[in-house]
Structures are given as structure tokens and as C-alpha cells.
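Working notes, beginning with the structure itself.
Residue numbers (the UniProt record's numbering): 1 to 328.
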């Protein structure tokens, strides 16, 4: 099986306002997939359609090659069991303890008491909250609440974990620890993870693949590192464009790096070529533990061939910038 989630031509509207427009998206087993877009772009609605919480108007969604059907309640319930979901607001029951919140899905599926207790204890240990089993949500921190919600979402041993702005209400340090937990869940439990977020750092930190949603449409999908290197217009719309100041006697190149070793080329180039250049802007980052980024450099137009041939020889990716908005 090459697709665990397959969304085909899905359209969704509210009161004649189109929220999702002909959405197509595929997710492979074991991926951490990011959906990013500005507020109101439709990313959370798409996630709820995948989980069966929201009905969509047209199109198809397949989970492990099974078609989501609203007309077959037994089949729909079986598919939903394979999907866990966590939310920004945690969605915990205040009257229940941590242990009881995690046990809820197992009780709904009428799991045996002993099996339920063992499963909850196993999950609490896995996510690091065994010491707060008897506390209620009001007595624990935001990070702990999200760990409870994650444990609850894992209780039925799902194949897919959907995360809807799961770190938006958390501080940076807690966000980092939750993202590390999601990576551990993906790696150790072999669970496919889809993350909906408006936070670029979340996508950079953990996602293998990503889609950018804009006004209800998926504008671009692909490898996270490649999309950030290309810096296409949909990504610029989310991050904000960087204006590049050009002059007639200068050439500007965008140089893209995919490893730490590549970045050293700029250090050696002035000495090797006996010519200089100016760095206009740089964005070097780690994307899912890989060093990558773009550097914009400016130099005299007469040195264009010299510098381009040098970069080609070193097998460094680059493109020439022609206007002030950064078009190539």
C-alpha cells in the first residue's frame, strides 16, 4: 500500500461559501505531513473531513484504501477507529482524572477493564505523565494536558494521528517537547502524523512532506526541504516576501544549500575567484534535522559567468533574480 490517505477532488462549502475547492492530497504510511496556511485558509476543515467529523459536498477520501461513507455507519465507525486526533484546546473532560480521560475511548469501545487499565498505564508511561494519573485537567500544565490528549488519541492504537494546531497554545520550550514526542510516536509506533499549523517552525522541525493551503485550495505540495529551497509564491504569502534591491550594474543570485558542507562554498569563493560579492539576505535553517536554506548574493554583472561557472563546478544550486519581488 503506497497511500494511507488519499483525498480526491474534495469540495466543501458553508452557506454557499466555498471552503475547500477540489482538494487533492496523498499521504504515504509513516510520513509526518504538514498542512500550513493562513487563518481561514481551510486547513482545519480539511483535517476534520479526513477524520469524518465534517461532511464534504463532493469528492472522495480513502483511508487505507477504504472509502469514507456517511451512508455506512458501521464502516465509518471502523475507519474512525484507525484515526486519532488532538486539538489546540486539548478537549479534556474536567470532571475526569488524567487516567479516566485517557480511558474514555476504550470504554466507548467496551474494552475489558483489565486491558483498559494496562493500556492506559502503558500510554501514560510512554508520554511521560504517569505521575499525574489522579489529577484533573485544571491541576496540570498546558504541556501536560496535550500529553494527556495525545495518550487518549493513541488509546485505540490508530494508524493515523491528526494534529489540529496542537502546539499553538503552548510556549516555545513546551512546543519543542511535544514535537519531539510526535516524532517519537511516528518513529517507534509507526503512526502516520498529519500536522495542521500556521507556525512555520513546526513544519520546519518535523515534517517530511507538506502542502500549502490558500483560500481553500492546495497551491503546492511536496518535500518540505525542496519547497523551502524553491521559496514559491504560496510560501512567500505565508512567510512574507523579501524585497531584493537591484541595480543595473549588479547581478543577484539565489544560492540554495542542502547540507552544512555546501555553505562553506561561499567562504572559499572570494579567495578562489579573486573577486568579491555582497550578501543581501540569508536564511539558513534546519528542516527536520537537515541543514538547508537560501542566500541571496549581489556582485558586478561583469563577473556573472565566472561566479556561475564556479557554482556549477561545485554542484551548488542557484538561480538568477530579475526583479525586486524576487522572481526568477
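Note that beta-carbon positions come from the ideal geometry of N, C-alpha and C, so glycine has one too.
Following the DSSP letters along the chain, one finds residue 320 inside the beta strand (DSSP E) bounded by residues 317-321.
Residue 110 and residue 140 have their alpha carbons spaced roughly 28 Å apart. Residue pairing of residue 62 in beta bridges, as defined by DSSP: 6 and 67.
Taking 8 Å as the cut-off, the Cβ atoms of residue 164 and residue 47 count as close. Runs of the alpha helix (DSSP H) spanning 4 or more residues and lying entirely within the stretch 31-58 occur at 43-51, in chain order. Contact fails between the stretch 136-155 and the stretch 10-30, because fewer than three Cβ pairs, one in each stretch, are under 8 Å apart.
Note: residue 210 is bridge-paired with 34 and 222 in the DSSP secondary-structure output. Residue pairing by DSSP puts residue 163 in a beta bridge opposite 86 and 195. In the DSSP assignment, residue 255 falls outside any alpha helix (DSSP H) and within the unbroken beta strand (DSSP E) covering 250-257.
With a cutoff of 8 Å on beta-carbon distance, residue 92 and residue 127 are scored as not near each other. In the structure shown, the three-state DSSP call for residue 278 is strand. The stretch 31-51 and the stretch 211-220 touch, with no fewer than 3 CB-CB distances between them shorter than 8 Å. In the DSSP secondary-structure assignment, residue 14 is bridged to 17. Closest by C-alpha distance to residue 298, out of 273, 263 and 249, is 249.
Inside the stretch 102-148, DSSP marks whole alpha helix (DSSP H) runs of 4 or more residues at positions 113-127, from first to last along the chain.
The Cβ neighbour count for residue 187, taken over all protein chains shown within 10 Å, is under 16; the residue is labelled exposed. Going by beta carbons, residue 52 and residue 80 fall inside the 8 Å limit. Boundaries of the alpha helix (DSSP H) harbouring residue 184: 172-189, taken from the DSSP string.
Here the stretch 55-72 does not lie against the stretch 87-107, with fewer than 3 beta-carbon pairs under 8 Å apart.
The closest CA to that of residue 255, considering only 269, 275, 317 and 283, is found on 317. Counting along the chain, residue 97 sits inside no alpha helix (DSSP H), nor does DSSP assign it H or E at all. Residue 31 holds the alpha-carbon nearest to the alpha-carbon of residue 2 among 184, 31 and 16. Measuring C-alpha to C-alpha distances from residue 264 to each of 300, 311, 171 and 251 identifies 311 as the nearest.
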